[in-house]
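Undergrad:
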Amino acid sequence: MAQLLYLVFSLCSLAAVGLVWSVFIQNNGLDTINQAISHGRYPDNEVGVTSFTGLRAIDDALMSLVAFNLPILNVEFEVGRLFMAQFVANVSIMIFILSVEGQRGRKRSPLIPMAWGLFSQLATSAVALPLYLLVQTGSNRKASRKPIFQSLVSPHAALCALPSHLLGFGVPAVMMFDPFRQGDHIKSLWVLMFALCPLNIAICTKTVGVTKRAFLPSSPKAATTTNAGYNALQLGYTTVGVVAAAFHAMTILQAIKHPGRFNGLFSLELYPEMLRDKIMTFLKLDYLITFAALLTWAYSEVLAIRRGGSLMLLGMFVFGTLVFGPGATTAIAWSARETGLHRGSGKSG
């Protein structure tokens, strides 16, 4: 199975470079953004903050993160906003899982998941996730002989996971759609916060941890804290899964109800003319490759826990992806995996 995973993740990495980035570059999408930023403005006449630190090189880099998202969030681009909403809702589970997995097993530095998350935001998840999974697959093979309880997340990290995710990822993700009409400049700041969400999550994790220790200084029994951590993770998977399923359903219903209004939502035009359409093509390819890798990973992990019924499990994954969406299906799979690890730790204890 490990060799098959290596093959799939390697192909996903190659596809990400060969499709996601090469198509965008060949279609002058990146050049359009860079030219606008070199003149101190955003492309497509978008408006936003252009000076964040006062240092030109840093400001240009931050502007490029904002510039990539502003056109598709434009209120006049309804199909783009709808796609972006469900994209963010589904990708949320990947961000949550990477945050949790970064704390699994032996104590690790929180900088590691933050670094992978920032790499995912900068290079896109279609590039970063398969590379992460290649590393993870190799690590799992080396650690396969270790007791299963060493694969659990510490109760402290588990209890901090969902609040940190909601604050660090959820709030910027909602606010960058400008629901309160705060204006273009405030909107661009929220877009930047979203682009830097792994950093936000790391800061929120530290803050939530300090707050938790301040208000809950007592140390209950180990079994109690382990169960509390397990329940916290299950609540996290359920929360992000329900949100992903809701936006998946909303997107399909809107496309059915208003076919003309959301024309092109489910099609893929590789070389469109407008920048916002180029960005949406980029994100669609990114979305497909990301979840091809993520669902493959989830399938292999659940299969290892179940040990049998691979075809039936594959059918369940296909059904879940079509009906509930890839994000919700991944959340369900990871919830089942966590249950298997938790039960295994109980037997080991």
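Counting the sequence shown from 1 gives a position; our numbering is that position plus 4.
By construction, the Cβ of each residue, glycine as well, lies at the ideal position given by its N, Cα and C atoms.
Keep in mind it's a predicted model, so treat the numbers as computed, not measured.
Measure how close the beta-carbons of I76 and R280 come, nearest whole angstrom, since I'm counting them as under 8 Å.
TA: That pair is a contact at about 6 Å.
Undergrad: Leaving out five residues on either side along the sequence, give the residues of the same chain with a beta carbon under 7 Å from the beta carbon of F270.
TA: Taken in chain order, the residues that qualify are A259.
Undergrad: Please go through the same chain and pick out, in chain order, the residues whose beta-carbon is closer than 7 Å to the beta-carbon of F295, but skip the five residues on each side of it.
TA: Counting only Cβ-Cβ distances below 7 Å, and skipping sequence neighbours, we find P330.
Undergrad: Would you kindly work out how many angstroms separate the C-alpha atoms of Y46 and I37, rounded to a whole number?
TA: If you take the alpha carbons of Y46 and I37, they lie about 7 Å apart.
Undergrad: On the DSSP letters alone, give me the boundaries of the alpha helix (DSSP H) that Q7 sits inside.
TA: Segment 6 to 19, the alpha helix (DSSP H) holding Q7.
Undergrad: Report back the beta-carbon spacing between V95 and A165 to the nearest angstrom; my notes put them in contact at under 8 Å.
TA: That belief does not hold up - the Cβ atoms of V95 and A165 are roughly 17 Å apart, past 8 Å.
Undergrad: Can you tell which of L315, L171, A302 has the C-alpha that lies nearest to the C-alpha of A337?
TA: If we check each option's Cα against that of A337, A302 comes out closest.
Undergrad: Quick check: the Cα distance between F198 and I101, rounded to an integer number of angstroms?
TA: Computed Cα separation, rounded: 17 Å.
Undergrad: Return the bridge partner residues of V157 from the DSSP annotation.
TA: Answer is R108, bridged to V157.
Undergrad: Where do the ends of the alpha helix (DSSP H) carrying W67 lie?
TA: Rather than Trp, the amino acid found at residue 67 in this sequence is Met. From DSSP, the alpha helix (DSSP H) with M67 extends over 60 to 77.
Undergrad: Taking all protein chains shown into account, do 16 or more other C-beta atoms lie within 10 angstroms of the C-beta of M278, making it buried, or fewer, making it exposed?
TA: That one is exposed.
Undergrad: Between which two residues does the alpha helix (DSSP H) holding L170 run?
TA: Counting along the chain, L170 falls outside any alpha helix (DSSP H), and DSSP gives it neither H nor E.
Undergrad: Alpha helix (DSSP H) containing Q125: first to last residue?
TA: Where Q125 is concerned, the enclosing alpha helix (DSSP H) stretches over 115 to 127.
Undergrad: Distance check for A218 and K288, CA to CA, integer angstroms please.
TA: Straight-line Cα distance between these residues: approximately 44 Å.
Undergrad: Just to confirm, are S192 and V53 a CB contact at a threshold of 9 Å?
TA: Yes, these two residues count as a Cβ contact at 9 Å.
Undergrad: Apply the 10 Å Cβ neighbour rule to G22 and answer buried if 16 or more other Cβ atoms are within range, or exposed otherwise.
TA: G22 is exposed by the Cβ-count criterion.
Undergrad: I'd like to know if the stretch 176 to 188 and the stretch 197 to 214 are in contact, where contact means that at least 3 CB-CB pairs between them fall below 8 Å.
TA: In short, these stretches touch, since the Cβ pair count reaches three.
Undergrad: With distances taken from CA atoms, which of G84, M180, Y136 is nearest S14?
TA: The candidate whose alpha carbon is nearest that of S14 is Y136.
Undergrad: Got a sec? Which residues, its chain only, sit under 6 Å from I293 by beta carbon, not counting five neighbours each side?
TA: Correct list, in chain order: C16, A19, A20, A130.
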